[in-house]
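S.K.: When the letters of the sequence shown are read in order and numbered with our numbering, they come out as residues 75 to 622.
By construction, the Cβ of each residue, glycine as well, lies at the ideal position given by its N, Cα and C atoms.
Submitted below is the structure of interest, expressed as structure tokens.
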Amino acid sequence: MTNSFGEFDRAKMFFVIGSNMTEAHPVASTFLKNAVKKGAKLIVADPRRHKLVDYADLHLQLKVGSDIALINALMHVIIEEELFDPDFVTENTEGFTALSAEVSKATPEAMAPICGIEADTIRRAARMLASVRPAMLCYTLGITEHTCGKNNVMSVANLQMLLGNMGVECGGVNPLRGQNNVQGACDMGALPGVFHGYQKVTDPAARAKFEEAWNVTGLPETPGLMIPHMMEGLEDKKVRAFWIFGENLANTEPDIRKVEHELASAEFLICQDIFLNETTKFADVVLPAAAWSENDGTFTNSERRVNRVRTASTPPGEARPNWWIFREIAKRFGHQWPSASAREIWDNEISALAPNFKGITYGRIEGDGLQWPCPSADHPGTPFLHKDGRFTHGKGIFNPTAWTPPAEVTDEDYPFVLSTGRRLYHYHTRTQTGRCDGLNDLLGEETCDISPADARRLGIRQAEPVRVSSKRGAVTVKARVTPEIPEGMIWMAFHFREGNANWLTNPAYDPETLTAEYKACAVQVEKVAPAADGSVETAESLTAAAGS
């Protein structure tokens with residue numbers, strides 16, 4: 075995130091695209107709604123008419139997977155009508171000519187059939203965006219979980235640079251992370267191409283620094299594998315051992331049947347987690363980890379703020395802090411890691427070896443934490459990035475992108491677009507929230523959200539069972555008939571095993587990020603008559619039947 079949540083209340087314009095903040099980020103959405111109540115403008119671009127739309131001045135109800143078509147059309151209008159920031163573009167960016175050439179083809183009339191939004195509405199949105207500066211853009215997984223996810227992010231960055239909304243308070247491109255501490259995990263090097271602090275493994279100087287600090291030689295000079303390649307490697311034995319840390323892959327990865335086959339193919343599988351789940355069933359060893367409230371350490375939120383986490387309770391049984399588990403395994407490999415607490419790890423290793431965190435120590439984050447970059451002990455932290463248009467690269471680079479369709483589109487056999495996400499009352503695969511009776515009372519099963527028009531056409535009534543099937547599998551769930559959903563689309567989540575949308579989703583990935591296209595695949599929806607004994611088929615039986 076390039077800005078802080080504290081600036082939400084002061085912002086005068088928001089463009090929220092691919093994000094159902096009310097359910098996915100309810101705390102952040104409260105700040106945004108408060109700003110709207112104070113007079114801030116809000117444009118929401120999303121296929122669904124979810125609750126945040128109730129606060130919007132304009133809802134751009136685009137078709138699933140058409141984000142680039144919409145954004146390019148917005149930029150076409152902004153350039154054609156000279157609504158962009160010429161000083162910012164001239165002084166702080168490169169590639170404007172190439173961007174102009176690309177978006178010159180994306181007239182609102184040409185993009186309207188692709189994104190499903192009338193040309194005049196696109197023009198109105200472009201003029202509204204340009205009328206208030208700075209404007210804050212927020213996005214979530216509705217932008218990234220596509221085969222064009224990287225290009226989607228590039229497009230929203232293009233738009234904000236064009237408008238001069240970068241490097242200023244209440245502006246920027248602000249990704250609302252998909253899970254708690256995603257930012258912190260990435261900061262700590264949980265990516266295949268970087269050490270912590272985003273120091274590239276391909277950089278000889280970075281490798282030399284870490285080799286000296288860790289007293290090792292020959293650190294890898296090329297990026298490692300990403301999850302889809304790891305999973306495929308289990309089957310062909312290019313990956314012989316697999317350590318899964320805090321992930322329930324058997325429920326979260328697309329095409330569950332394929333995922334389970336890959337997990338079952340592992341020679342040696344370790345799971346490190348706080349509860350048993352669908353993935354631990356495949357494990358040879360389960361390492362019991364302490365939960366967040368049983369740990370001392372840090373979390374880093376979406377605004378790059380490093381906060382303390384303090385131990386509130388004792389871990390049960392043999393559960394141990396994650397750092398302790400890793401340290402003990404290293405000891406058995408012959409390495410004696412000197413740091414013996416979360417504080418020592420941060421102060422002696424994390425902070426000491428990463429320029430972005432150099433000035434962040436435990437002693438300085440006892441209060442409200444600090445936002446990196448924080449390069450020295452007297453630095454106050456960085457509330458927003460790229461101040462005054464000074465990008466890390468030097469000048470911001472426009473990256474022109476063209477719209478591409480999803481990897482799987484509808485046809486006669488599979489006429490609906492399925493898009494997926496999360497619901498308010500549960501968190502991911504319910505490894506934690508599923509153990510709470512109150513939350514299960516609020517939401518006890520998955521549904522197929524469908525438009526009233528499609529429900530009428532198929533003879534489906536509220537809460538009736540329907541079978542949703544794709545080329546990969548099928549599930550039976552109850553219908554939730556709702557005006558939130560446009561015709562031709564259905565929406566589901568992945569919280570419940572039986573009705574998990576990932577029995578259906580397509581394992582097609584962005585070619586660079588390898589993020590799966592959870593937001594778009596083709597499905598069929600059929601009304602289901604209950605069996606004579608009143609039972610319905612399970613996801614496993616339907617998927618097995620589809621596979622046979």
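So if DSSP puts Lys552 in a beta bridge, which residue, or which two residues, is it bridged to?
M.R.: Thr521, Pro539
S.K.: Going by other Cβ atoms of all chains shown within 10 Å of its Cβ, with 16 needed for buried, is Glu377 buried or exposed?
M.R.: buried
S.K.: My understanding is that Ile564 touches Phe490, with C-beta atoms under 8 Å, so please give their C-beta distance in whole angstroms.
M.R.: 5 Å
S.K.: Can you tell me whether DSSP reads Asn574 as helix, strand or coil?
M.R.: coil
S.K.: State the Cα-Cα distance for the pair Asn94 and His124, rounded to the nearest angstrom.
M.R.: 7 Å
S.K.: Do Glu591 and Ala481 have their C-beta atoms within less than 8 Å of each other?
M.R.: Against a cut-off of 8 Å, the Cβ pair of Ala481 and Glu591 comes out as a contact.
S.K.: Looking at the structure shown, is Asp511 part of a helix, part of a strand, or coil, going by DSSP?
M.R.: helix
S.K.: What are the complete beta strand (DSSP E) segments, minimum 3 residues, inside the segment 175-218?
M.R.: 210-213
S.K.: Following the continuous alpha helix (DSSP H) through Ala416, name the residue where it begins and the one where it ends.
M.R.: 416-419
S.K.: I need the DSSP call for Gly470, collapsed to helix, strand or coil.
M.R.: strand
S.K.: Kindly indicate which three-state DSSP category Asp584 falls into: helix, strand or coil?
M.R.: coil
S.K.: Determine whether the beta carbon atoms of Leu323 and Gly495 lie at a separation below 8 Å.
M.R.: No, they are not a contact pair.
S.K.: So if DSSP puts Trp317 in a beta bridge, which residue, or which two residues, is it bridged to?
M.R.: Ile344
S.K.: Using DSSP with H/G/I as helix, E/B as strand and the rest coil, what is Ala567?
M.R.: strand
S.K.: My output table needs one value for Arg123: the three-state DSSP class, helix, strand or coil.
M.R.: coil
S.K.: If you measure from the beta carbon of Asp194 to each beta carbon in chain C, is any gap under 8 Å?
M.R.: Of the chains in the structure shown, none is chain C; there is only one protein chain.
S.K.: How would you write the range of the alpha helix (DSSP H) that Phe88 sits in, first residue to last?
M.R.: Unbroken run through Phe88 is the beta strand (DSSP E), 87-91; no alpha helix (DSSP H).
S.K.: Determine whether the beta carbon atoms of Val602 and Pro560 lie at a separation below 8 Å.
M.R.: no
S.K.: Could you round the C-beta distance between Thr195 and Leu134 to whole angstroms and report it? I think they count as a contact, below 8 Å.
M.R.: 7 Å
S.K.: Mind pulling the beta strand (DSSP E) runs of 3 or more residues that sit fully within the segment 366-399?
M.R.: Within the segment 366-399, the complete beta strand (DSSP E) runs of at least 3 residues are 371-374, 379-383.
S.K.: Any idea if Trp577 is buried or exposed, counting beta-carbon neighbours within 10 angstroms, 16 or more meaning buried?
M.R.: By the neighbour-count rule (16 or more Cβ atoms within 10 Å), Trp577 is buried.
S.K.: Note down the Cα distance separating Phe170 from Thr372, rounded to an integer number of angstroms.
M.R.: 41 Å
S.K.: Going by DSSP in three states, Asn248 sits in which element: helix, strand or coil?
M.R.: strand
S.K.: Whole angstroms is fine: what's the gap from Ser229's alpha carbon to Phe472's?
M.R.: 9 Å
S.K.: Near Asn239, what residues of its chain come up, given a Cβ to Cβ distance below 6 Å and the 5 sequence neighbours on each side ignored?
M.R.: Pro208, Ala209, Gly245
S.K.: Who are the Cβ neighbours of Val380 in its own chain at under 6 Å, not counting the five residues just before and after it?
M.R.: Thr372, Thr374, Ile434, Ile439, Gly443, Leu444
S.K.: Assuming the contact rule is C-beta atoms closer than 8 Å, His220 and Gly139 should be a hit. Round their C-beta distance to whole Å, please.
M.R.: Indeed, because the Cβ distance is near 6 Å, the residues count as touching under 8 Å.
S.K.: Across which residues does DSSP place Cys595 in a beta bridge pair?
M.R.: Leu492
S.K.: Quick check: Glu243 and Phe465, are their CB atoms within less than 8 Å of each other?
M.R.: no
S.K.: One question on the structure: do Ala102 and Ala85 come within less than 8 Å of each other, judged by their Cβ atoms?
M.R.: no
S.K.: Apply the 10 Å Cβ neighbour rule to Trp288 and answer buried if 16 or more other Cβ atoms are within range, or exposed otherwise.
M.R.: It is exposed - the Cβ of Trp288 has fewer than 16 other Cβ atoms within 10 Å.
S.K.: Output yes or no for whether 8 Å exceeds the beta carbon distance between Phe356 and Ala315.
M.R.: no
S.K.: Hey, would you say Asp421 sits closer than 8 Å to Tyr436, going by beta carbons?
M.R.: Closer than 8 Å, so yes.
S.K.: For Trp446 and Thr388, I'd like the C-alpha separation in whole angstroms.
M.R.: 31 Å
S.K.: Following the continuous beta strand (DSSP E) through His133, name the residue where it begins and the one where it ends.
M.R.: 132-134
S.K.: Short check: CB of Arg554 to CB of Asp528, under 8 Å?
M.R.: no
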